[in-house]
Structures are given as structure tokens and as C-alpha cells.
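*Asks:*
2 protein chains.
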Amino acid sequence: MKILSAILLAAAFTVSAMPAAAAESAAPVAIAIHAGAGTIKRENLDAARESEIQAKLEEAVRAGHQLLVSGGSSLDAVTRAVTILEDSPLFNAGRGAVFNAAGRNEMDASIMDGRTLNAGAVAAVHNIRNPILLARRVMTDSAHVMLIGEGAETFAREQGIAFEEDEWFRTEYRWQQLQQARERETARLDAQPEHWLSTVGAVALDSGGNLAAATSTGGMTNKRWGRVGDSPLIGAGNYAGNDSCAVSATGHGEYFIRATVARDICARVQFKGESLAEATRAVVMEQLSEMGASGGVIAMDPQGKIALTFNTAGMYRASIGTDGSVFIGIYRDD
Amino acid sequence: MKILSAILLAAAFTVSAMPAAAAESAAPVAIAIHAGAGTIKRENLDAARESEIQAKLEEAVRAGHQLLVSGGSSLDAVTRAVTILEDSPLFNAGRGAVFNAAGRNEMDASIMDGRTLNAGAVAAVHNIRNPILLARRVMTDSAHVMLIGEGAETFAREQGIAFEEDEWFRTEYRWQQLQQARERETARLDAQPEHWLSTVGAVALDSGGNLAAATSTGGMTNKRWGRVGDSPLIGAGNYAGNDSCAVSATGHGEYFIRATVARDICARVQFKGESLAEATRAVVMEQLSEMGASGGVIAMDPQGKIALTFNTAGMYRASIGTDGSVFIGIYRDD
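Heads up: the protein sequence lines correspond to chains A and B, in order. So the first sequence is numbered by the working numbering: it starts at -16 and just counts up by one. So the second sequence is numbered by the working numbering: it starts at -16 and just counts up by one.
#1: Using beta-carbon positions only, say whether A106/B and M122/B come within less than 8 Å of one another.
#2: I'd like to know whether the C-beta atoms of A196/A and A219/A end up nearer to each other than 8 Å.
#3: With 8 Å as the limit, tell me which residues of the stretch 126 to 160 of chain A have their beta carbon closer than that to any beta carbon of chain B; keep them in chain order.
#4: Measure from the C-beta of G209/B to each C-beta in chain A and report whether the shortest distance is under 8 Å.
#5: By the DSSP assignment, the alpha helix (DSSP H) with L51/A in it spans what residues?
#6: Say whether chain A places a C-beta atom closer than 8 Å to the C-beta of I240/B.
#7: Report the three-state DSSP secondary structure of V81/B (helix, strand or coil).
#8: What are the residues of the stretch 249 to 275 of chain A that lie near chain B, defined by any Cβ-Cβ distance shorter than 7 Å?
#9: Please list the partners that I217/B has in chain A, where partner means a Cβ-to-Cβ separation under 9 Å.
#10: By alpha-carbon positions, which one of G19/A, A9/A, G86/A ends up nearest to A296/A?
#11: Is the CB of A107/A under 8 Å away from at least one CB in chain B?
#12: Since G212/A and T204/A are thought to touch, with beta carbons under 8 Å apart, how far apart are those beta carbons, to the nearest angstrom?
#13: Can you find a C-beta in chain A that's less than 8 Å from the C-beta of R246/B?
#14: Comparing C-alpha positions only, which one of M95/B, G279/B, S57/B, A145/B sits nearest to A10/B?
#15: Scan the stretch 134 to 199 of chain B and note each continuous beta strand (DSSP E) run of 3 residues or more that stays entirely inside, going in chain order.
#16: On the DSSP letters alone, give me the boundaries of the alpha helix (DSSP H) that F293/B sits inside.
#17: Whether or not the stretch 262 to 276 of chain A and the stretch 222 to 241 of chain A are in contact is what I'm after, with contact meaning three or more pairs of Cβ atoms, one per stretch, closer than 8 Å; do they touch?
#18: Cutting at 7 Å between CB atoms, please list the residues of its own chain near G54/B, excluding the five before and the five after it.
#19: Per DSSP, S302/A is paired with what?
#20: Kindly list, in the order they appear in chain A, the residues whose Cβ is closer than 9 Å to that of N373/B.
#21: If L40/B and I281/B are in contact, beta carbons under 8 Å, what's the gap, nearest whole angstrom?
#22: Is the beta carbon of A15/B closer than 8 Å to that of S377/B?
#23: Closest to V61/A by CA distance: which of I111/A, L188/A, F152/A, V108/A is it?
#24: When the cut-off is 8 Å and only beta carbons count, does E33/A lie next to chain B?
#25: Residues of the stretch 224 to 240 of chain B with a CB closer than 8 Å to any CB of chain A: list them in chain order, please.
#26: Is I144/B closer than 8 Å to I111/B when the C-beta atoms are compared?
#27: Indicate the three-state DSSP secondary structure (helix, strand or coil) for G297/B in the structure shown.
#28: If you draw a straight line from the alpha carbon of V65/A to that of A43/A, how long is it in whole angstroms?
#29: 8 Å is my cut-off, CB to CB: does E177/B come that close to chain A?
#30: Compare the C-alpha of A46/B against each of D59/B, S214/B, G279/B and name the closest.
#31: In whole angstroms, give me the CA-to-CA distance for Q270/A and E150/A.
#32: Skipping 5 residues on each side, what residues in its chain have a beta carbon closer than 6 Å to that of M90/A?
#33: So if DSSP puts M95/A in a beta bridge, which residue, or which two residues, is it bridged to?
#34: Quick one: what does DSSP say S231/A is sitting in, helix, strand or coil?
#35: Helix or strand or just coil, what does DSSP make of V211/B?
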């Protein structure tokens, strides 16, 4: 027993000490995440906050990747990464979500399994600690794809999903954004684009060759009328299909819905034979830009190739490719 | 002046007396509508109800077509046709909508303009007489695409949209369906497929060459948890783009969301060069059938070609093609 333990310990040490790439088997794994896009410029972000954001992005992408390397599913990897981003007050999802016009945190999320095209989504939910976990539960434990509002919260209670008090979600930073928006009496999208675009998301490829995508958001500061953006809409802010690709989007949600951004990128790959880079460029840099829509996407094809494409000054993003190379970026020139 | 009036009168008379086909100018117009698909068999439908349904379908399709012939937009034509179907207690949309688990009529609708890709949608709204008119108002008078629940109703009030009391929507037929569903303690989709699939919708091409699509539904009898189906989701139950096609769907909504049915049909036309017939067949008869999903679509391409494609025994449907030919159908062999 002692010898066996020693061997196991040695094996464990060897694996963890190896670079990520070498730890992989023949089947490639990869992950990419985002935490929003907008007019993120070096002059607007102090060094402390920049480091904090980079560290959280790295924590999330490595946690998801670790699951993939140890044989976990892409669904688990994107769920794990998004949960970490939701739990961070830095981003507009879960804790730290923006406030709606009624002064509440009203959140949307969706998840999709590229192997089966199963999907789950929730919109306009309150007090759900991790909306992505609720979206996943909708996928796995209901006959439905999309649940909204109080009904979705009832389902969450029945499922034992974790709730938090309002205080958990509240950050002074987001509260002040609401006060500013109220003063402007507007939920205008171009008011503070560096803030409202900070949806979070992840895409991943697991060793079984399966893609998955997850997206979570607090939506738009000062939003009214039960406004729903692209994040919880399959084919708009989120999509995964093993035959095509996986996409999670962040940006001006209304345009992303109209352009069915996530599905269109994958449809171009699937039906037109475009590469992932060509497809994301056509949709984000050409179509969305022509529509006047700001934002970006992270995308992954069935070979684990990654595209991090945005038409804004910056996008919080990170990835670990099939070769194990780690990338963390904020600005365009990162 | 008298001579001019006489000439105008003569011209007006000539146009209205001509068959629809001849009344068209060089620019073709066309319209198609549906009011649900399912296990609609001759033995399940008595002659009186059959006639009633046929008459309402004909009224709706002719009303939409009349607008097109007189130079109206495809948006106006699909809105008009769907409004007529919503106002009829025969179909599961507006008046006559099914009841949710709480015993309320909870409705979804969406509309899309193929020229601009503008879109509007509402989900889980109550007491709105014509949900399609509210969806259109979201498109034209808000900065948003999708509004849900009480928030959408607040927007409706601000916009002067017509509300009706619960009694307006209530039909004994739908109420009994709810009681039966409650007895079975289920909202199972295969329980009474001839009922729950009766979403309504329309697609049209106007003389300006613009496509539009509109879809409206009461959803699923006994639905809980704020369940939203495909009807209000752009790219799932509804889509229109002048570069590709227009689609309105009816069927097992969860599968239609996962397969992004409406956008996928149009993406096949746009990116793969498939004909409308090939694209609807691939998605409805192959992909959806393989997924075990029942339903159908009406679709129209930029030349006004029409596809009425369903994998169920029947689909309530009607169309007037670019040649002015009128078709009304219920069963597969119609």
C-alpha cells in the first residue's frame, strides 16, 4: 500500500508539474472565456484593477481547462469557468451584476451541449447565485429549454438551486452606474459601453470531441420592461453544435439577436465551409460593424481552434489552446 | 375634374374586379399562413369545424394578400393576417389561447422585418388582445427586441396597446384541455399534439421585394415555470431576411429552439444555396424528425416561392402565390 501510494503521488506530481500541453492525450482539449467587450483602454483601467481582472480571467480559464485535462466534459468546463466569473464582483454576471430600473439585479444565462444540441436558458431571474447552474438544470431536469422570471425561480427552488440575498449581488460600483443612468434618464447603450457589455461566457472542447458554450449576464443597467438581450437566447448570444462550432457572445444584445450571431457564425462554418476565423470576421467585423453594433465573440471549432473576435477597443478574454498555450488579454493589442 | 374622377373610378374598378394574379404589377407579392400542426386527421374533425377553420384561414390569407396587392408592406400583411387568427377563438393565440398551470392565458409573439432585420418579441404576456401588435410595437417603439412578462405589459400600457379581460381569451374548449392536463398532472407534449401545436403565423413578400414573418401563440397547456417556446425567439420560431427567406414555425418548441429552425432554413438558403424546398425538407423532415420533434413551417423566398412543410398528419395552412392561386389546406393530402 505504501509503495502504491508513493507511485500514485509520484504520478500525480508528474502530471501537475508537466506543462498543460504535454498532459494532454491524443484527443485535444481547449477552452476560451470572455468577460465582456467595450471601450476598454489602458488609460481607463488602473494597474490594480487590470491585475485583478487578469488574475480572475486566468483563474477561470485554468479551472475549466483543468477539468478538461482530467477527462471532464466541455459542459462541466464551461459551467465551472462561468461560475467563477459569476462569483466575481468584477463582471456583469451573478455577483456584481448591473441593476435594472427597479434597482434589482435581473439576470439571464444559457448553456448548450454541442453533442446533443440540448440547451437550457433562464431570463429575468433574481437572487439566483449562479444563473448558469440554473440554466444547466433547466437543460437536464426540465422538459423545457427556456424558463423566465418568477416561474424560473420557482423551478430553481424545487431543484435546490442556491439563492442569495440582494446584498450578495450588490456592488457600489454598479449601484453608482444605476444612479448615473437614472440621472441621464436613459438606458442608452452607448452611454457607458465599457460597463454594460461585460457579459461573461465560455466555450470548450473536451477529450470526447464535444463542444459546449455557456453565457451569463446581468444585462443592461437601468433596463426596463423585462428587457431580454441575446445572452439567454440560443443562436443569438450562445450556441454549440459538434457539426459546426461553439460561440459565446458579448455586446449590444439587440443587434446580436437580429443577426442571430452565435448560430450564424456556426452556420457559416457548417453550410458555407468558412473557417472559424473567416466566419467570426464576417459576422463581427463586417455585419455587426455595418449595423453599428459593438461587441465580440469567443468561438471554437471541433478541432479546438479558437477565435477571439471583437470590434471594440478591448475584450476581457482568455484561452488555453490545444497546444496548452495560455493567453490572457484585455486590450486589442494584447 | 369629373373626367379624372371617372378615370380613377374606372381604374379602381378594373383593379378590384381582376383576379388577384392579374392585379399584380411586375413585382410579385405572396403570402402564406399557418395556424398549427399536429395529428389533424379527417376522423377527428367534424365537417362544421373543418369549414369554420377553412373559412378563417381563407379570411386571414385574403386580408393579408389584399394589403399586398394594394401596395402595402409585408410587415402590414403578416400583422393583419396574424391579428385575424389571434382574434379567432379557433386557434391557440390571442383569443382562444391555451391556459397555463395557473389557469391563465400566457402568450408569446414575434415579428421580423426582412429588409432591415429589425425584430420585436414578447413572451409570457397576459391580457394583451393582440400579442403580435405588441411585438411590432417593441420593434418600432422601443430600443429593444424582446420584452417579457409584467415589464412587457407595462410597456404595452404606455403604448396604448389594447388589453382585454380574462373572459375575452377564455374558451370552454381550452379550459377543459387544462382540466384534462391537470388530471394527468402533466404538460407532456405528446399528450394532445393536435391541440398544443396550434400556434399561428404568417410570411409575406411585398411589391418592394421585402419579406416579413410573424408568429403568435398561447404556448403549451398547463405550462409552468414561465416556460417559453420557440415562437417569440428570433431564429427559432420566426425569422425573415431579404437575403435568405422568411419562416414561421409551429411545433414542439423545445426542439425548434435547439435546432434554431427558422434561421437554419434561411441559413441553408443563404449559405448553402439550397432551394427553399430543399432547406425546409432538410430541417423539418430530416433533422426535426430524427430528433423526434413534431411540427411544421411556412416559408417564403425572395421570389415569393412558398414551402408549407410539416412532419405531422396535418397543418392548418393557406397561401396565395405570386400567380394569385389560392390554397387552403388542413390534411396532408389537401
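Beta carbons are placed, not taken as given, at the ideal position from N, Cα and C, and that holds for glycine. Computed from a prediction, not measured in an experiment: that's the story for all the values here.
*Replies:* So, from the data block:
#1: Going by C-beta atoms, A106/B is not nearer than 8 Å to M122/B.
#2: Not closer than 8 Å, so no.
#3: Under the 8 Å Cβ criterion, the stretch 126 to 160 of chain A contributes A126, H127, V128, M129, L130, I131, G132, E133, G134, A135, T137, F138.
#4: So yes, G209/B belongs to the interface.
#5: L51/A -> alpha helix (DSSP H) spans 30 to 52.
#6: Yes, its Cβ sits closer than 8 Å to a Cβ of chain A.
#7: Coil.
#8: Here the close residues are A250, R251, F254, K255.
#9: Close partners of I217/B in chain A (Cβ separation under 9 Å): L216, G218, A219, I240, R241, T243.
#10: Ranked by Cα distance from A296/A, the options G19/A, A9/A, G86/A are led by G19/A.
#11: Output row for A107/A: interface = yes.
#12: By a beta-carbon distance limit of 8 Å, G212/A does not contact T204/A. Their separation comes to about 12 Å.
#13: At a cut-off of 8 Å between beta-carbon atoms, R246/B makes contact with chain A.
#14: Comparing Cα positions, the closest option is S57/B.
#15: Listed in chain order, the complete beta strand (DSSP E) runs (minimum 3 residues) inside the stretch 134 to 199 of chain B are 183 to 188.
#16: Annotation: F293/B is outside any alpha helix (DSSP H); the continuous beta strand (DSSP E) that includes it extends over 289 to 293.
#17: Touching, yes.
#18: S190.
#19: Looking at the DSSP assignment, S302/A forms a beta bridge with A15/A, F310/A.
#20: Because chain B here runs from -16 to 317, residue 373/B falls outside it and cannot be looked at.
#21: Rounded, the Cβ-Cβ distance is 12 Å, inconsistent with contact.
#22: Past the edges of chain B, shown from -16 to 317, lies residue 377/B, and the structure says nothing about it.
#23: Minimum Cα distance to V61/A is reached at L188/A.
#24: E33/A does not count as touching chain B.
#25: From the stretch 224 to 240 of chain B, only G236, E237, I240 have a Cβ closer than 8 Å to chain A.
#26: For I111/B and I144/B, yes; Cβs fall inside 8 Å.
#27: Reduced to three states, the DSSP call for G297/B is strand.
#28: When the Cα atoms are used, V65/A and A43/A turn out to be separated by approximately 7 Å.
#29: Note on E177/B: pLDDT 45, under 50, position unreliable in the model; no value is reported.
#30: Distances from the alpha-carbon of A46/B to those of D59/B, S214/B, G279/B put D59/B closest.
#31: Taking the straight line from one Cα to the other gives about 40 Å.
#32: Its chain contains A80, V108, P114, G201 as the residues whose beta carbon lies nearer than 6 Å to that of M90/A, once the 5 sequence neighbours on both sides are disregarded; these appear in chain order.
#33: Partner(s): A102/A, A196/A.
#34: Three-state DSSP puts S231/A in a strand.
#35: In the three-state reduction of the DSSP assignment, V211/B falls in the strand class.
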